[in-house]
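Residue numbering for the sequence shown follows UniProt numbering, starting at 1 and increasing by one per position.
Notes follow the structure.
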Amino acid sequence: MTTPPNMPADGHAPVAANERTGVLIRELSAADRHRLMRHFTSLGEEDRLLRFGQAVSDDVIVRYVAGLDFIRDSIFGVYDNNLALVAVAHLALLPEGQNGRVAEFGVSVSESARGQGVGTRLFERAAIHSRNKGIDTLYMHCLSRNARMMRIARKAGMEIHYAYGEADAYLTLPPADTGSMLSEMVQEQAAAFDYAVKRQMRNARRLFGALLPQQRAA
1 MTTPPNMPAD GHAPVAANER TGVLIRELSA ADRHRLMRHF TSLGEEDRLL RFGQAVSDDV
61 IVRYVAGLDF IRDSIFGVYD NNLALVAVAH LALLPEGQNG RVAEFGVSVS ESARGQGVGT
121 RLFERAAIHS RNKGIDTLYM HCLSRNARMM RIARKAGMEI HYAYGEADAY LTLPPADTGS
181 MLSEMVQEQA AAFDYAVKRQ MRNARRLFGA LLPQQRAA
């Protein structure tokens with residue numbers, strides 16, 4: 001996590017979640033730490049470098065996941081049909097200063113889920129959540145060669161500053177309104193329903209898998 005330097009005056013662009021896409025995003029809780037651990041440790045060396053801005057070992061990831069504050073920060077995830085996390089966004093609330101309330105956005109997407117707009121959808125969800133939480137500015141810090149993060153920033157209309165191989169991007173958020181509140185509520189309900197269905201399907205597969213050997217033996 002980084003503390004942003006003095007932010008530019010502009011960089012204002014409203015961001016609304018595109019609910020027409022099929023990516024369902026669920027807000028995670030401390031009960032998901034084991035899934036978060038599996039997601040981050042499954043990332044390759046280059047993906048870890050792009051996500052964290054430096055090379056990180058499994059031990060560093062273990063400490064990072066153990067230290068996640070689910071009360072202060074917000075963490076969002078996308079599940080596959082086996083309830084494994086294939087994408088995670090961390091929205092970290094930074095210390096409040098002269099620039100008001102600022103939250104930093106970080107995202108990682110597994111190779112199997114890339115090319116489907118998942119990272120953009122996670123950013124949109126983080127932006128609308130930030131609005132509803134009274135966040136003034138959404139901030140991103142990454143290596144300037146992180147093409148996926150740079151694509152998300154440009155698409156969102158963020159103001160980007162480059163220095164020494166790194167990039168800082170800022171988006172001033174509009175205040176929450178009825179539309180943003182309703183949009184997030186609908187998205188979370190849809191994701192919760194999707195999670196419940198996937199869990200039932202997974203449990204059914206496990207049950208059938210356990211019964212099949214017995215039937216064959218009979």
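Virtual Cβ for every residue (Gly too), placed ideally from N, Cα, C.
Subject >> Selection from T137, M185, G134 and A190 that minimises the alpha carbon distance to G22 >> reply: The residue given as residue 22 occupies position 22 in the sequence shown. Per the Cα distances, A190.
**OP:** Determine the burial state of Y162: buried for a count of at least 16 other Cβ atoms within 10 Å of its Cβ, exposed for fewer.
**Re:** Along the sequence shown, read from residue 1 onward, the residue named residue 162 stands at position 162. Exposed: under 16 other Cβ atoms inside 10 Å.
Original post:
Rounded to a whole number of angstroms, what is the C-alpha to C-alpha distance between N82 and G97?
Top reply: Translated into positions along the sequence shown, residue 82 becomes position 82. Translated into positions along the sequence shown, residue 97 becomes position 97. Those two C-alpha atoms are separated by around 42 Å.
**OP:** Closer than 8 Å by C-beta to T3: which residues in its own chain qualify, once you throw out the five before and the five after it? Chain order, please.
**Re:** One-based indexing of the sequence shown puts residue 3 at position 3. The pLDDT assigned to T3 is 49, lower than 50, so where the model puts this residue is not dependable, and the model offers no usable value.
Subject >> Among T120, A92 and Y164, nearest to T137 - alpha-carbon criterion >> reply: Looking up residue 137 in the sequence shown gives position 137. The shortest C-alpha separation from T137 is found at A92.
Subject >> Bridge partners - I75, DSSP secondary structure assignment >> reply: Numbered from its first residue, the sequence shown carries residue 75 at position 75. Answer is H90.
Subject >> For D194, the nearest candidate out of M158, E166, D73 and V78 (CA to CA) >> reply: Looking up residue 194 in the sequence shown gives position 194. Of M158, E166, D73 and V78, the residue nearest in Cα terms is V78.
Original post:
DSSP three-state call for G119: helix, strand or coil?
Top reply: Working through the sequence shown from its first residue, we reach residue 119 at position 119. In the structure shown, G119 falls within a helical segment according to DSSP collapsed to helix, strand and coil.
Original post:
If you draw a straight line from the alpha carbon of G209 to that of L173, how long is it in whole angstroms?
Top reply: Locating residue 209 in the sequence shown gives position 209, counting from the first residue. Locating residue 173 in the sequence shown gives position 173, counting from the first residue. Using only the alpha carbons, I get a separation of about 49 Å.
Original post:
Is the beta carbon of F76 less than 7 Å from the beta carbon of A30?
Top reply: Residue mapping note: residue 76 aligns to position 76 of the sequence shown, counting from 1. Residue mapping note: residue 30 aligns to position 30 of the sequence shown, counting from 1. Not closer than 7 Å, so no.
**OP:** Let me know if Q187 comes out buried or exposed under the rule of 16 or more other beta-carbons within 10 Å of its beta-carbon.
**Re:** Here residue 187 refers to the residue found at position 187 when the sequence shown is read from its first residue. Under this definition Q187 is a buried residue.
Original post:
Going straight from the alpha carbon of R38 to that of V88, what length do you get?
Top reply: Within the sequence shown, the letter at position 38 stands for residue 38. Within the sequence shown, the letter at position 88 stands for residue 88. Rounded to whole angstroms, R38 to V88 spans 11 Å at the Cα level.
Original post:
Is the CB-CB distance between G117 and V109 below 7 Å?
Top reply: Your numbering for residue 117 matches position 117 in the sequence shown. Your numbering for residue 109 matches position 109 in the sequence shown. Between G117 and V109, the CB-CB gap reaches or exceeds 7 Å.
**OP:** On a CA-only basis, which of Y170, G53 and A176 is nearest Y164? Give me that one, please.
**Re:** Here residue 164 refers to the residue found at position 164 of the sequence shown. Considering only alpha carbons, the answer is G53.
Original post:
Roughly how many whole angstroms lie between the Cα atoms of R199 and R33?
Top reply: Here the question's residue 199 lines up with position 199 in the sequence shown. Here the question's residue 33 lines up with position 33 in the sequence shown. Approximately 17 Å, taken between the alpha carbons.
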